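Residue numbers (our numbering): 51 to 128. Quick reminder that beta carbons are idealized off the backbone N, C-alpha and C, glycines included. Keep in mind that this is a model prediction, so the values were computed, not measured.
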Amino acid sequence: MIYLKVDDLHATIDSLRADDVEIVTVPYVIFRHSDDNLGPVGTDEWLSLVRDSEGNLLGLLSHQKGRGLMTDLDKTGD
């Protein structure tokens with residue numbers, strides 16, 4: 051699978067949907083960056099999966115301003 055970074059994932063998905071591209075998963079947060087080791091601090095990393103015209107699965111990623119640092123409640127999922 052290939053992952054591509056886009057500036058605005060939601061706008062990209064809207065555009066691809068208008069072009070009848072198969073959207074496998076709607077955008078969702080996969081990681082909240084509490085430091086800048088893996089991405090910009092204070093951002094959420096969003097992912098959506100789509101299929102290209104050959105049927106290959108592609109991951110589209112975007113960093114969006116988040117709601118801040120993860121809390122203990124966020125980490126446990128309770």
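According to DSSP, is residue i part of a helix, a strand, or is it coil?
i, result
"His83", "coil"
"Leu59", "helix"
"Ser65", "helix"
Use the C-beta contact count for residue i: other C-beta atoms within 10 angstroms, 16 or more gives buried, fewer gives exposed.
i, result
"Thr126", "Residue confidence for Thr126 is low, a pLDDT of 42 falling below 50, so the modelled location carries little weight and cannot support an answer."
"Glu95", "buried"
"Gly105", "exposed"
"Ile80", "exposed"
"Ile52", "exposed"
If I'm right that residue i touches residue j with Cβ under 8 angstroms, what's the distance once you round it to whole angstroms?
i, j, result
"Pro103", "Ile73", "One detail in the question is off: residue 103 reads as Ser in this sequence, not Pro. About 14 angstroms separates the two Cβ atoms, so there is no contact after all."
"Leu110", "Val76", "Between Val76 and Leu110 the Cβ distance is about 11 angstroms, and since that is not below 8 angstroms, they are no contact."
Terminal residues of the continuous beta strand (DSSP E) containing residue i?
i, result
"Asn112", "Per the sequence presented here, residue 112 reads as Ser, with Asn not at that position. That run of the beta strand (DSSP E) goes 107-115."
Please name the residue or residues paired with residue i in a DSSP beta bridge.
i, result
"Val100", "Ile73, Leu108"
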